[in-house]
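Notes follow the structure.
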Amino acid sequence: MVLRHQPEAAGIQLDAQGWCDIDDLLQGVAQHHAPLSKETLMEIVATNEKKRFAISDCGQRIRASQGHSIGVSLGLQAATPPATLYHGTASRFLDSVLQNGLQKQSRQHVHLSASLDTAIAVGSRHGKPVVLTIDCPAMQAAGHLFYCSENDVWLTDSVPAACLRLM
Ligand code: HQG
């Protein structure tokens, strides 16, 4: 939450690439919430089921690898995706998605996955899950760029309805 949506909740600031100093984070969390040791933080980073957080090469800074709703520039390189990616959503969003395509809503990107199971899990967060397949070569031919976050989430700016198919 703090590293992706609300750094001010811990009284910290992120730099333009989303990094913050680990000691500042620990101090801010202690002041605004409850004490958190560096060992516990590192344990969270290491065991987080989605590997959401990354530590900088120097070991002094931390950031979330994707999923921000605040303006950070992750500096990701465009990459070639597999031919098919998946997006899980809730059945109640389906009409709108099939008509308007996928939009990033409050996040910085539309999130896609190479795994069907992941897409089902992501869609289930919103309600009865439905899965869409994305025709990546068609999107690339139309000039859309794809990025792969450090924790293997595929990101893109939007997906046109013509490149989506309901599974
Ligand atoms: C939907 C979690 C209507 C979209 C997950 C989704 C993921 C539309 C919802 C990550 C629409 C946005 C992201 C349109 C898109 N009309 N609905 N035109 N276009 N939508 O949570 O993909 O726990 O912002 O289908 O694991 O569900 O945060 O995106 O249902 O990786 O690490 O609008 O969040 O990761 O919801 O999930 P979200 P998401 P973390």
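Position one of the sequence shown corresponds to residue -3 (the working numbering), numbered consecutively onward. We put the beta carbon where it would ideally sit given N, CA and C, even for glycine. The structure presented is a predicted model; accordingly, all values stated were derived computationally and were not measured.
| Asked | Found |
| --- | --- |
| Among L37, G24, L90 and L141, the one whose alpha carbon lies nearest that of G55 | L37 |
| D17 in three-state terms, based on DSSP | strand |
| heavy atom of ligand 1 below 8 angstroms from H83 C-beta | yes |
| Beta-carbon separation (whole angstroms), A74 vs G14, contact threshold 8 angstroms | About 18 angstroms separates the two Cβ atoms, so there is no contact after all. |
| Simplified DSSP state of C54, which is helix, strand or coil | coil |
| 9 angstroms Cβ cutoff met for H140 and A115 | no |
| F89: CB within 8 angstroms of a non-hydrogen atom of ligand 1 | yes |
| Euclidean distance between Cα positions of V171 and A157 | Outside the displayed range of the chain (-3 to 163) lies residue 171, so it cannot be described from this structure. |
| Start-to-end residues for the beta strand (DSSP E) that takes in A86 | T80 to A86 |
| For C159, the residue or residues it bridges with in DSSP | Bridge partners of C159: none, in fact. |
| Segment limits, alpha helix (DSSP H) that includes T76 | No alpha helix (DSSP H) contains T76, which DSSP labels as neither H nor E. |
| Proximity of Y143 and L70 at Cβ, strictly below 9 angstroms | yes |
| Ranges of the alpha helix (DSSP H) found wholly within the segment 80 to 154, counting only runs of at least 4 | 90 to 96, 112 to 120 and 132 to 137 |
| Identified DSSP bridge partners for R59 | A50 |
| Heavy atom of ligand 1 within 8 angstroms of G97 beta-carbon | yes |
| Distance between L32 and S166 (C-alpha atoms, nearest Å) | The question about residue 166 has no answer, for the chain in this structure spans -3 to 163. |
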